[in-house]
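In the numbering used here, the protein residues as written are 483 to 660. Glycine included, C-beta positions come from ideal geometry on N, C-alpha and C. Note that the structure is predicted; figures quoted are calculated from it, not measured. Data first, discussion second: the structure below is written as structure tokens.
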């Protein structure tokens, strides 16, 4: 994977059902298409990096340990060790933050730490802030309709997909990194 092409993706509402401030591994339900989609992307040479806002930590709704338990369950349900890295931001909305999406901090950190070529990378998420985050990092973005915000009529995303599997199809057929 020397060419550094990478798919950055959101967690809640993108690869798993969004349950609002998920703090219990029992509430983790990965969408059925996700593991196979991640395998397809990995087989095509993409690095896979998850970037997720987790303001529930900053709000005191759950601890980092609870977040870690949820994250472990996400990885268990996906199965294979497909995700190369995960970045989370505990900052609450309305505070100065370099990592809270739509700020590009998590993508930029991932790019630095994992030899990512941003010109060959893309962001997938279920919210408009995910598309903005990708654009703020200088990469294209796909918005999926699997989260709470299903109205994508005015989305700034480069593409809109029904789910992560459809986003994967777009990445493998329409997104042509240089």
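Hey, residue 540 and residue 569 are a contact pair by Cβ (cut 8 Å); roughly how many whole angstroms apart?
Mapped onto the chain shown, residue 540 falls at position 58. Mapped onto the chain shown, residue 569 falls at position 87. Wrong, their Cβ atoms sit about 15 Å apart, outside the cutoff.
Can you name, in chain order, every residue of its own chain whose Cβ lies under 7 Å from the Cβ of residue 580, other than the five neighbours on each side?
Along the chain shown, one-based indexing puts residue 580 at 98. So the qualifying residues of the chain are 587.
Near residue 650, what residues of its chain come up, given a Cβ to Cβ distance below 7 Å and the 5 sequence neighbours on each side ignored?
Position 168 of the chain shown, counted from the first residue, corresponds to residue 650. 519, 522 and 523.
Once you ignore the five residues that flank residue 484 on each side, which residues in its own chain have a CB closer than 6 Å to its CB?
In the chain shown, counting from the first residue as 1, residue 484 sits at position 2. At residue 484 the pLDDT is 46, less than 50, meaning the model places this residue with poor confidence; the figure from the coordinates comes in the next sentence. Excluding positions up to five away in sequence, the list is empty.
Just to confirm my understanding: we take residue 614, look at its own chain, exclude 5 residues before and 5 after, and list those with CB closer than 7 Å. What are they?
Walking along the chain shown from the start, residue 614 turns up at place 132. Same-chain partners within the cutoff: 584 and 638.
Identify which residue in 493, 548 and 527 has its Cα closest to the Cα of residue 645.
Along the chain shown, one-based indexing puts residue 645 at 163. Of the listed residues, the one whose Cα sits closest to residue 645 is 493.
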